[in-house]
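Visitor:
2 protein chains.
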Amino acid sequence: MADDRPIGIFDSGIGGLTVLKELHLRFPDEELVYLGDTARVPYGSKSKETVVRYTRNNIDFLEAEGVKLVVVACNTASAYALPELKDHQSPPVVGVIQGGVEAAAKLTGGRIGVIGTEATIISNVYQQALARLSPGVSVKARACPMFVPLVEEGWVDNDIARAVAHRYLSDLRGEVDTLVLGCTHYPMLKGTIKQTLGEGTRLIDSAEETANMVGQKLDRLGMRASSKEKPPKVRFYVTDSPKRSMEVARRMLGQIDIQEAEYVDII
Amino acid sequence: MADDRPIGIFDSGIGGLTVLKELHLRFPDEELVYLGDTARVPYGSKSKETVVRYTRNNIDFLEAEGVKLVVVACNTASAYALPELKDHQSPPVVGVIQGGVEAAAKLTGGRIGVIGTEATIISNVYQQALARLSPGVSVKARACPMFVPLVEEGWVDNDIARAVAHRYLSDLRGEVDTLVLGCTHYPMLKGTIKQTLGEGTRLIDSAEETANMVGQKLDRLGMRASSKEKPPKVRFYVTDSPKRSMEVARRMLGQIDIQEAEYVDII
């Protein structure tokens, strides 16, 4: 029995499109519905209570769209809200943290770094999850608040991006063998981060790891979509600035077929 | 007849405290009530409709606090919402744009620069106001989206701040004689901006100019407060993260006596 209901994905803004892209490439038969909460971006500087409330709003919207599964493609929301949503089992929810943590625990030589927004790092969620999975491991966590504005400005490999990466990360060079990119924007800075830390450091991209987890969950729940001749068009909703969001989405998603961004009032 | 009702001030976040500070120093007898809409910051990347809605919320809150006058200490809100609030005459409203525009029109040798968030620059409000006041003047406007994150990171005079200022502004060196700082965060970057543009360029700080306008308005309306032995304590409300907001406020306001930040739910 195939399940052709869509998969819902949300992020505070457009960073979560890195996760959508990975899902689309990996599971081309699945219909995807994306919600970018661009009116309330960023979540990374907000309190836990606020982020939990926004997350519930977003899941309610996607549920009303008839999704079979929700991907919380935002590290801050995954860190703060997933533990609060344990009672919320319909639809099932996948965050962006567990996949990266499991991959890091598997690959590491014992010294892991984690970078993210201030809220993600303060929440301690990565540090605790890694300590649970690999008790003896050392974890260095670091907030990198300027990385999201850099990516949104499109400055991912110029002198300023390199100077910012150097300031945040140069003292981790040689100190970590694996670095978890704990924010969905950060894969855009992979090259610059790699240059700062040296080729010997493995970067864990949570978009890839999250796609793995979604595949496993769909199989376990018997929820895979039927095969299609061509991938269904992506549905794209935002809570503000549809025009600009669409420009960014086209740049990030390349050839993927996506509907015009549609404004929704969920606030 | 003295009017001892407070003056209300709001901003999308904490940048507007530069305006509060100036008002406090200039008018120490006035009681000040500040609202930082930290749950919905930043306004600079949001659409006009959203910014107008948020502005109405904020003014309603301050009105319920019994203020005699509202200062919209946010350039984006002043640009988008003030024209929509012309019907809203109780309490009277002062924005942060008019003062800077008038000062620039008076001082310029004919070549004015304006910098601000993307929303402020796209709104064209500075450009239009300057063209109205000084018809022959040339105006170069430039969005500087990385300046607010720099100030919030506390990087106001390091190598990265200089590199960002250089990238945004170096081609204006020698091209403008007067630069309007069209965002309440930017006065913190004055030194770096001055270095980039050269000593010959005058910077217009809208916090100072707005305080001038408030003084004139209070006189015109007969609304000055009675003299006091010491300045009333500042009342400080935020829509999120009171603890962090308080830390930033203490850093920005120095010796000014301010109440603990109090969380308010106005959303």
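Listed in order, the protein sequences are those of chains Y and S. Note that my numbering numbers the first sequence so that position 213 is 213, with each residue one more than the last. Positions in the second sequence are counted from 1; adding 1000 to them yields my numbering. Every residue gets a Cβ at the ideal spot worked out from N, C-alpha and C, and that includes glycine. No experiment lies behind these values; they were computed from the predicted model shown.
Return the chain-ordered ranges of every beta strand (DSSP E) run that is complete within the stretch 109-139 of chain Y and spans a minimum of 3 residues.
Guide: Within the stretch 109-139 of chain Y, the complete beta strand (DSSP E) runs of at least 3 residues are 111-116.
Visitor: Which partner residues does Val-1093 (chain S) have in the DSSP bridge list?
Guide: For Val-1093 (chain S), which the question treats as bridged, DSSP gives the partners S:Val-1070.
Visitor: Would you report the Cα separation of Asp-1171 (chain S) and Glu-22 (chain Y), rounded to the nearest angstrom?
Guide: Distance between the alpha carbons of Asp-1171 (chain S) and Glu-22 (chain Y): 40 Å.
Visitor: Less than 6 Å between C-beta atoms, sequence neighbours within five positions excluded: which residues of the same chain meet that for Val-1238 (chain S)?
Guide: Closer than 6 Å at the Cβ level, and outside the excluded window around Val-1238 (chain S), lie Gly-1036, Thr-1038, Ser-1245 and Ala-1261.
Visitor: Within the continuous beta strand (DSSP E) that includes Ile-1256 (chain S), where are the two ends?
Guide: Per DSSP, Ile-1256 (chain S) belongs to no beta strand (DSSP E) and is neither H nor E.
Visitor: On the CB-based measure, 16 or more other CB atoms within 10 Å of its CB, does Ala-1129 (chain S) come out buried or exposed?
Guide: Counting Cβ neighbours within 10 Å, Ala-1129 (chain S) comes out buried, since at least 16 surround it.
Visitor: Any C-beta of chain Y within less than 9 Å: which residues of the stretch 1154-1165 of chain S qualify?
Guide: Within the stretch 1154-1165 of chain S, the residues whose Cβ lies closer than 9 Å to some Cβ of chain Y are Trp-1155, Asn-1158, Asp-1159, Ile-1160, Ala-1163 and Val-1164, listed in chain order.
Visitor: In this structure, does DSSP put Ile-160 (chain Y) in helix, strand or coil?
Guide: Helix.
Visitor: Leaving out five residues on either side along the sequence, give the residues of the same chain with a beta carbon under 6 Å from the beta carbon of Val-70 (chain Y).
Guide: Closer than 6 Å at Cβ, skipping near neighbours: Gly-8, Ile-59, Leu-62, Pro-91 and Val-93.
Visitor: Buried or exposed: Lys-1106 (chain S), going by 16 or more other Cβ atoms within 10 Å of its Cβ?
Guide: It counts as exposed.
Visitor: Does DSSP put Tyr-43 (chain Y) in a helix, in a strand, or in coil?
Guide: Residue state, collapsed to three classes: coil.
Visitor: Could you check where the alpha helix (DSSP H) with Phe-1061 (chain S) kicks off and where it finishes?
Guide: Where Phe-1061 (chain S) is concerned, the enclosing alpha helix (DSSP H) stretches over 1048-1064.
Visitor: Does the distance from the CB of Val-137 (chain Y) to the CB of Gln-127 (chain Y) come in under 8 Å?
Guide: Against a cut-off of 8 Å, the Cβ pair of Gln-127 (chain Y) and Val-137 (chain Y) comes out as no contact.
Visitor: Going by DSSP, what residue range makes up the beta strand (DSSP E) through Val-1238 (chain S)?
Guide: That run of the beta strand (DSSP E) goes 1235-1238.
Visitor: Out of Y:Arg-5, Y:His-24 and Y:Gly-13, which one is the CA nearest neighbour of Ile-256 (chain Y)?
Guide: Minimum Cα distance to Ile-256 (chain Y) is reached at Y:His-24.
Visitor: Output the distance between the C-alpha atoms of Leu-1197 (chain S) and Phe-1147 (chain S), rounded to the nearest integer angstrom.
Guide: Straight-line Cα distance between these residues: approximately 15 Å.
Visitor: Of all the CB atoms in chain S, is at least one closer than 8 Å to the CB of Asp-257 (chain Y)?
Guide: Output row for Asp-257 (chain Y): interface = no.
Visitor: When you measure from the CB of Thr-1184 (chain S) to every non-hydrogen atom of the ligand MG, does any distance come out below 7 Å?
Guide: In terms of ligand content, the structure shown is empty, and the ligand MG therefore cannot be addressed.
Visitor: Could you check whether the Cβ of Thr-292 (chain Y) sits closer than 8 Å to any Cβ belonging to chain S?
Guide: A question about residue 292 (chain Y) goes unanswered here, because the residues of chain Y that appear run from 1 up to 267.
Visitor: When DSSP builds the beta bridges, which residues end up paired with Ala-1002 (chain S)?
Guide: Per DSSP, none; premise fails for Ala-1002 (chain S).
Visitor: Report the option in Y:Ser-206, Y:Thr-117 and Y:Gly-191 whose CA atom is closest to the CA atom of Asn-158 (chain Y).
Guide: The candidate whose alpha carbon is nearest that of Asn-158 (chain Y) is Y:Gly-191.
Visitor: Near Gln-259 (chain Y), what residues of its chain come up, given a Cβ to Cβ distance below 7 Å and the 5 sequence neighbours on each side ignored?
Guide: Here the set comprises Lys-233, Val-234, Arg-235 and Phe-236.
Visitor: Please identify the residue among Y:Arg-40, Y:Gly-16 and Y:Ser-45 whose C-alpha is closest to the C-alpha of Leu-32 (chain Y).
Guide: Of the listed residues, the one whose Cα sits closest to Leu-32 (chain Y) is Y:Gly-16.
Visitor: For Glu-30 (chain Y), which three-state DSSP category applies?
Guide: In the structure shown, Glu-30 (chain Y) sits in coil (DSSP, three-state: anything other than H, G, I, E or B).
Visitor: What do you reckon, are the CB atoms on Ala-104 (chain Y) and Asp-11 (chain Y) nearer than 8 Å?
Guide: Not in contact: Ala-104 (chain Y) and Asp-11 (chain Y) (Cβ atoms no closer than 8 Å).
Visitor: Pull up the DSSP beta-bridge partners for Val-1180 (chain S), would you.
Guide: DSSP output for Val-1180 (chain S) lists S:Val-1114 and S:Ile-1204 as bridge partner(s).
Visitor: For a contact meaning CB atoms closer than 7 Å, what does Ala-39 (chain Y) contact in chain S?
Guide: Those within 7 Å of Ala-39 (chain Y) in chain S are Lys-1046 and Thr-1050.
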